[in-house]
Amino acid sequence: RLNHRGDPKMATERTLSIIKPDATRRNLTGKINAVFEDAGLKIVAQKRVQLTPAQAGAFYAVHKERPFYNDLVSFMISGPVVLQVLEGENAVAKNREVMGATDPKKAEAHTIRAQFAESIEANSVHGSDSAENAANEIRFFFAETEILP
Ligand code: UDP
Numbered sequence: 024r025l026n027h028r029g030d031p032k033m034a035t036e037r038t039l040s041i042i043k044p045d046a047t048r049r050n051l052t053g054k055i056n057a058v059f060e061d062a063g064l065k066i067v068a069q070k071r072v073q074l075t076p077a078q079a080g081a082f083y084a085v086h087k088e089r090p091f092y093n094d095l096v097s098f099m100i101s102g103p104v105v106l107q108v109l110e111g112e113n114a115v116a117k118n119r120e121v122m123g124a125t126d127p128k129k130a131e132a133h134t135i136r137a138q139f140a141e142s143i144e145a146n147s148v149h150g151s152d153s154a155e156n157a158a159n160e161i162r163f164f165f166a167e168t169e170i171l172p
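This is the structure we're talking about:
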């Protein structure tokens, strides 16, 4: 979509972010939040929680048939996570950009995963991969009254 100047139209979006247990364990919440804020993303909701096996299993249900599913669910309940709603222009794509590739060995140098991830599994952050998934993932963890732009 283009605006009246013929430039790509910027849409204010929300996306769901999770700071994963490998990162909370290493006290990296603030450093990761600084990357989001420096990229122009606003943290409009945030809570530190211990996920239950049922929550982690349901959240990653699309990966149920993948070989890494059981290990991934175990990892996601191995310690607290920080659930966040990030808001900003093109928030979904912007967040994916600053996260970097799933495999930290393939992630670009400045990204969160290149800087902080331990492995392809313990890769420090989750971010929704589309606006539609973002809406569903935000609804999974947050009431609208918990989101304060
Ligand atoms: N994952 C894993 N092994 C793999 C691929 C993915 O353990 O071979 C984990 C990793 O934590 C990843 C999550 O599963 O972040 C979801 O995978 P997806 O392909 O959706 O990657 P993402 O969107 O998180 O980059």
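Here the sequence shown stands for residues 24 to 172, numbered as in UniProt numbering.
Even glycine gets a Cβ: it sits at the ideal position worked out from N, Cα and C.
Quiz prompt | Member of 134, 167, 50 and 154 whose CA lies at the smallest distance from the CA of residue 105 | solution = Of the candidates 134, 167, 50 and 154, the one whose C-alpha sits nearest the C-alpha of residue 105 is 50.
Quiz item: Is the segment 143 to 151 touching the segment 121 to 134, taking contact as three or more C-beta pairs under 8 Å?
Solution: Two segments are said to touch when three or more pairs of C-beta atoms, one from each, lie closer than 8 Å; by this definition the segment 143 to 151 touches the segment 121 to 134.
Exercise. Would you please state the rounded distance, in angstroms, between the beta carbons of residue 148 and residue 42? I believe it to be under 8 Å.
Key: Yes, they are in contact, since the Cβ atoms of residue 148 and residue 42 sit about 6 Å apart, within 8 Å.
Exercise. Give the C-beta separation of residue 101 and residue 44 to the nearest angstrom, bearing in mind that I take them to be a contact with Cβ-Cβ under 8 Å.
Key: Between residue 44 and residue 101 the Cβ distance is about 5 Å, and since that is below 8 Å, they are a contact.
Quiz item: Can the beta-carbon of residue 82 be found less than 8 Å from the beta-carbon of residue 163?
Solution: The answer is yes: Cβ separation under 8 Å.
Quiz item: Can you give the Cα-Cα distance for residue 161 and residue 56, rounded to whole angstroms?
Solution: Going from the Cα of residue 161 to the Cα of residue 56 covers about 18 Å.
Quiz item: Can you name the start and end residues of the alpha helix (DSSP H) that residue 95 belongs to?
Solution: Element bounds for residue 95: 92 to 99.
Quiz item: Relative to the alpha-carbon of residue 52, which residue among 69, 37 and 93 has its alpha-carbon at the smallest distance?
Solution: Residue 69 is the option with its Cα nearest to residue 52.
Quiz item: Sorted by chain position, which residues of the same chain lie with C-beta nearer than 7 Å to residue 114's C-beta, five sequence neighbours on each side aside?
Solution: Counting only Cβ-Cβ distances below 7 Å, and skipping sequence neighbours, we find 36, 37, 38 and 64.
Self-check item: Residue from 84, 46 and 54 with nearest C-alpha to residue 156
Solution: Ranked by Cα distance from residue 156, the options 84, 46 and 54 are led by 84.
Quiz item: Would DSSP call residue 138 helix, strand or coil?
Solution: Under the three-state reduction of DSSP output, residue 138 falls in the helix class.
Quiz item: Quick one: is residue 40 buried, meaning 16 or more other Cβ sit within 10 Å of its Cβ, or exposed?
Solution: The residue is buried, with at least 16 neighbouring Cβ atoms inside 10 Å.
Quiz item: In terms of residues, what are the limits of the alpha helix (DSSP H) holding residue 60?
Solution: Its alpha helix (DSSP H) spans residues 52 to 61.
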